[in-house]
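According to UniProt numbering, the residues represented by the sequence shown are 1 to 183, in order.
No residue lacks a Cβ here, since even glycine has one placed at the ideal position from N, Cα and C.
Notes for the one structure printed next.
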Amino acid sequence: MKLTLLKEIIELIEEFQTTNDSEKIEDFTIWLNNKLFSLNHSKEHSAHDELLIAFKIMLLNKELKKQTKNVLSKSNVSSIDEYSFLLHLDYQESFRKMELVELHNLEAPTGIEIIKRLLKNKLVDEFPDKEDKRAKRIKITKKGIAELESIKPRIDSIFIKLTKTLNLNEKIQVSGLLDKLIN
């Protein structure tokens, strides 16, 4: 029986104990993670690692779009962005058009096209902004709420399925890491 891995682990524990008073496995895990995956230790892999992370995020995005496309094909909502616009409008009374576009990190022409489709399908209403006469606000209509209520359970089940292998702590960690990447 080979014990090289066990010997290496013991050496790492001894190294940890020379610089740390803690006897908690959590502290050792954090120390080990920092030791093995710090930028100084893995410079030769960092460009590849960053590419790999970006690629995996793109794959997840494409998979979500593919799965939601089936649900949305049977509704008046034609994209996940339209769905997200409606979802945000359902949580807040109204938005200025550009607030909603910027919230979704879209370029103005793309965001305005989404809003036009929602207006055309009578899922949102447009009205003048009281504070800025140049701006228009939009709010979700009763038809938009009904459409959202119709597809939300099916979209939610896709999102639940995506993260079902993660426990609560892992979901919180992933969400925090994604927030870090977004900001």
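Per-residue DSSP class, three states only, for residue i
| i | result |
| --- | --- |
| D125 | strand |
| K136 | strand |
| K2 | coil |
| K7 | helix |
| L89 | helix |
| L12 | helix |
| S94 | coil |
| K120 | helix |
| E113 | helix |
| E107 | coil |
| E131 | coil |
Proximity of residue i and residue j at Cβ, strictly below 9 Å
| i | j | result |
| --- | --- | --- |
| L86 | E147 | yes |
| E83 | I182 | One detail in the question is off: residue 83 reads as Tyr in this sequence, not Glu. Not in contact: Y83 and I182 (Cβ atoms no closer than 9 Å). |
| F55 | W31 | no |
| I138 | K97 | yes |
| N121 | K136 | no |
| I114 | D81 | yes |
| I158 | Q67 | yes |
| L89 | I140 | yes |
| R117 | S73 | no |
| V174 | T165 | no |
| L119 | G111 | no |
Integer-rounded CB distance, given that residue j should sit under 8 Å from residue i
| i | j | result |
| --- | --- | --- |
| N34 | D27 | N34 to D27, Cβ: 11 Å. No contact. |
| L123 | N76 | 6 Å |
| V71 | R134 | So it is not a contact: roughly 37 Å between Cβ atoms. |
Where the alpha helix (DSSP H) containing residue i begins and where it ends
| i | result |
| --- | --- |
| K97 | K97 to L103 |
| L168 | L168 to I182 |
Unbroken alpha helix (DSSP H) runs of length 4 or more, entirely within the region 140-164: which are they? 142-163
Quick one: which unbroken beta strand (DSSP E) runs of 3-plus residues sit fully inside the region 16-79? Chain order, please. none
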